[in-house]
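As structure tokens, the structure follows; a few thoughts come after it.
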């Protein structure tokens, strides 16, 4: 990610990142674009189906906003995963496998 601010990231969502299906998110991105709160999640392209968070837990991601958009979540800690995320993660993987073949 090259975005240096939330405003720049919002602009890039309709150009550079248009059509993306997944996001790999690192904690350090919060220094530039902030946390994945409701406002940010609602601005993600409709093509986004999953977010993989490189960290334990979802304290920097609005889980309810993601769930409302049908966006699956995966974190670096199995103990933090819940059934919703596991099911959606599997669905995302199946869809990706279908697209590849």
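Residue numbers (this note's numbering): 750 to 850.
Just so you know, even glycine gets a beta-carbon here, dropped at the ideal spot from N, CA and C.
Given this structure, state the Cα-to-Cα distance separating residue i from residue j, to the nearest angstrom.
{"i": "residue 797", "j": "residue 761", "result": "14 Å"}
{"i": "residue 807", "j": "residue 801", "result": "10 Å"}
{"i": "residue 789", "j": "residue 810", "result": "10 Å"}
{"i": "residue 831", "j": "residue 795", "result": "In this prediction, residue 831 has a pLDDT of 49, which is less than 50 and means its spatial position is unreliable; nothing more can be read from the coordinates."}
{"i": "residue 850", "j": "residue 803", "result": "Bear in mind that a pLDDT of 46 at residue 850, under 50, signals an unreliable position, so the number given afterwards is only what the model happens to contain. Their Cα atoms are separated by approximately 28 Å."}
{"i": "residue 770", "j": "residue 821", "result": "11 Å"}
{"i": "residue 764", "j": "residue 751", "result": "13 Å"}
{"i": "residue 851", "j": "residue 799", "result": "Here the chain has residues from 750 to 850 only, and residue 851 is not among them."}
{"i": "residue 766", "j": "residue 823", "result": "20 Å"}
{"i": "residue 785", "j": "residue 768", "result": "18 Å"}
{"i": "residue 816", "j": "residue 775", "result": "20 Å"}
With distances taken Cα to Cα, identify the nearest neighbour of residue i among the options.
{"i": "residue 777", "options": "816, 753, 822 and 787", "result": "753"}
Just to confirm, is the Cβ distance from residue i to residue j under 8 Å?
{"i": "residue 782", "j": "residue 818", "result": "no"}
{"i": "residue 814", "j": "residue 787", "result": "yes"}
Name, in chain order, the residues that DSSP records as bridge partners for residue i.
{"i": "residue 784", "result": "Its beta-bridge partners do not exist; DSSP assigns none."}
{"i": "residue 807", "result": "Beta-bridge pairing links residue 807 to no other residue."}
Under 7 Å: does the beta carbon of residue i sit that close to some heavy atom of the ligand ADP?
{"i": "residue 775", "result": "In terms of ligand content, the structure shown is empty, and the ligand ADP therefore cannot be addressed."}
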